[in-house]
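*Asks:* Dropping the structure in here first, questions after.
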Amino acid sequence: MRHKVADVGGPVHYVDFGGAGPAMLMVHGLGGNALNWMAVGPELAKRFHAMAIDLAGFGQTPLYRRSAAVGANADLVHAFIDKVIGEPVVLMGNSMGGHIAILVAADHPDSVAECILVDPAVPIPFAHVRTPSPAMLGVAAALSIPGLAEVFFDRRLRRLGPERIVEQSLALVSADPSRVDPQVVEAHVQLTRERSSLGPQNSRAFLQASRSIALRMADPRFWNRVKRVKAPTLVIHGSRDEVIPVAAARELVRRRPDWTLRILEGVGHVPMMETPKEFLSVVNAWLADRIALEPAAVS
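Counting in our numbering, the sequence shown tops out at residue 617, every number present.
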């Protein structure tokens, strides 16, 4: 696992897991980073040249006068594929990264050979929209006020510290946080500690991205992008995802019945972190089926 930086309209950090096969690019979700894939990256590198990108403003990629909005980061992912990788990729995205993968696959079909969506952030059917708790409503109100949101995040980080921030984050996205590898947890604590020195910049990208993804998930035009995706697509979703309910994945595949849906029972929003072996088993089985379906080469 090597940390690298590329110039894509500014510095972009990514993790190169190695491998000599076709290119695979992994894209994290809101508040995530390239380390979200470290439990599965080395195994995927046995089959692919596996890489994980830090989106603008996340992980070790600075904003650098860029926007962290979903559309801007989708453009960044495409530019990274075009300028750094230079060939069509297997594009894998989790949560917001899954939303971004759909945008890239729809707008740049020649850049995406296959698509794997992991608990993607897609519109939630109305019947499955939950009423937020009073505490969450208070947080949402704070985030909606310019200036107050940055102060809120900065004070929260200083009050809780990196260890508690990571602990609370994993409790939100995992059905059973104890299943996450301690080395993965420690890597995220260390990164959170490093980012704590950024001050208000530490929260700016998160706020831009969270407001952007909220608007996009409410925009019915998203489904037109889904229709335009040409790449064969696998959707993986945890049955106990409390962030994006599994009903959203079912609706996605109802609209695209040619896509494959695999539900991981008893798993939360980040199966590649929580149950990496089960996650890899599903990915590898789907890829094996894809190879079996490809026509034999004519000699």
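Ideal Cβ placement from N, Cα and C applies to all residues, glycine included.
Decide if residue 393 is buried, meaning its Cβ has at least 16 other Cβ atoms within 10 Å, or exposed.
*Replies:* buried
*Asks:* What are the residues that DSSP puts in a beta bridge with residue 587?
*Replies:* Looking at the DSSP assignment, residue 587 forms no beta bridge with any residue, so it has no partner.
*Asks:* Does the separation of the CB atoms of residue 549 and residue 432 fall below 8 Å?
*Replies:* yes
*Asks:* Who are the Cβ neighbours of residue 510 in its own chain at under 7 Å, not counting the five residues just before and after it?
*Replies:* 480, 483 and 484
*Asks:* Taking only runs that begin and end inside the region 477–558, name each unbroken beta strand (DSSP E) of 3 or more residues, in chain order.
*Replies:* 551–556
*Asks:* Residue 409 and residue 422 look like a contact to me (Cβ under 8 Å); what is the Cβ gap, rounded to whole Å?
*Replies:* Yes, residue 409 and residue 422 are in contact; Cβ-Cβ is about 6 Å, under 8 Å.
*Asks:* Can you tell me the Cβ-Cβ gap for residue 386 and residue 377, rounded? I've got them flagged as a contact below 8 Å.
*Replies:* Incorrect: roughly 12 Å between the Cβ atoms, too far for contact.
*Asks:* Is DSSP giving residue 597 helix, strand or coil here?
*Replies:* helix
*Asks:* From which residue to which residue does the alpha helix (DSSP H) around residue 360 run?
*Replies:* 359–362
*Asks:* Helix, strand or coil: how does DSSP classify residue 336 here?
*Replies:* DSSP places residue 336 in strand when its eight states are reduced to three.
*Asks:* Between residue 607 and the rest of its own chain, which residues show a CB-CB distance below 6 Å, the 5 nearest in sequence each way excluded?
*Replies:* none
*Asks:* Straight-line CA distance for residue 413 to residue 542?
*Replies:* Residue 413 and residue 542: Cα-Cα distance of roughly 19 Å.
*Asks:* Do residue 439 and residue 586 have their C-beta atoms within less than 8 Å of each other?
*Replies:* no
*Asks:* On the three-state DSSP scale, how would you describe residue 323?
*Replies:* strand
*Asks:* Considering only residues of the same chain and omitting the five flanking positions on each side of residue 527, which have a CB-CB separation below 6 Å?
*Replies:* 348 and 386
*Asks:* To the nearest angstrom, report how far apart residue 291 and residue 427 are at their CA atoms.
*Replies:* The chain is shown only over 319 to 617; residue 291 falls outside these bounds and no answer can be derived.
*Asks:* Please classify residue 331: does DSSP put it in a helix, a strand, or coil?
*Replies:* strand
*Asks:* Do residue 571 and residue 553 count as a contact pair if the criterion is CB distance below 8 Å?
*Replies:* yes
*Asks:* Taking the C-alpha atoms as reference points, what is the distance between residue 372 and residue 330?
*Replies:* The straight-line gap from Cα to Cα measures roughly 7 Å.
*Asks:* Suppose contacts are defined by Cβ-Cβ distances below 8 Å. Is residue 367 in contact with residue 342 by that definition?
*Replies:* yes
*Asks:* Alpha carbon to alpha carbon, how far is residue 603 from residue 594? Give it in angstroms, no decimals.
*Replies:* Distance from the CA atom of residue 594 to the CA atom of residue 603, rounded to whole angstroms, is 14 Å.
*Asks:* Within 8 Å (strictly less), CB to CB, does residue 596 reach chain D?
*Replies:* Absent from the structure is chain D; it holds one protein chain and no more.
*Asks:* Note the first and the last residue of the continuous alpha helix (DSSP H) segment covering residue 388.
*Replies:* 388–398
*Asks:* If you follow the alpha helix (DSSP H) that residue 440 is in, where does it begin and where does it stop?
*Replies:* Where residue 440 is concerned, there is no enclosing alpha helix (DSSP H), given that its DSSP letter is neither H nor E.
*Asks:* Taking the beta carbon of residue 515 as the centre, do at least 16 other beta carbons fall within 10 Å, making it buried, or is it exposed?
*Replies:* exposed
*Asks:* Quick one: residues in its chain with C-beta nearer than 8 Å to the C-beta of residue 619, no 5 flanking neighbours on either side, listed in chain order?
*Replies:* As shown, the chain starts at 319 and ends at 617. That puts residue 619 outside it, with no answer to give.
*Asks:* For residue 341, write down the residues that DSSP places opposite it in a beta bridge.
*Replies:* The bridge partners DSSP lists for residue 341 are 367.
*Asks:* On the DSSP bridge assignment, give the partners of residue 411 in chain order.
*Replies:* DSSP lists 345 and 435 as partners of residue 411.
*Asks:* Is it right to say residue 601 is buried, meaning 16 or more other beta carbons lie within 10 angstroms of its own, or is it exposed?
*Replies:* Buried is the call here.
*Asks:* Would you call residue 332 buried or exposed, if buried means 16 or more other Cβ atoms sit within 10 Å of its Cβ?
*Replies:* With 16 or more Cβ atoms within 10 Å of its Cβ, residue 332 is classed as buried.
*Asks:* DSSP on residue 353, reduced to helix/strand/coil?
*Replies:* helix
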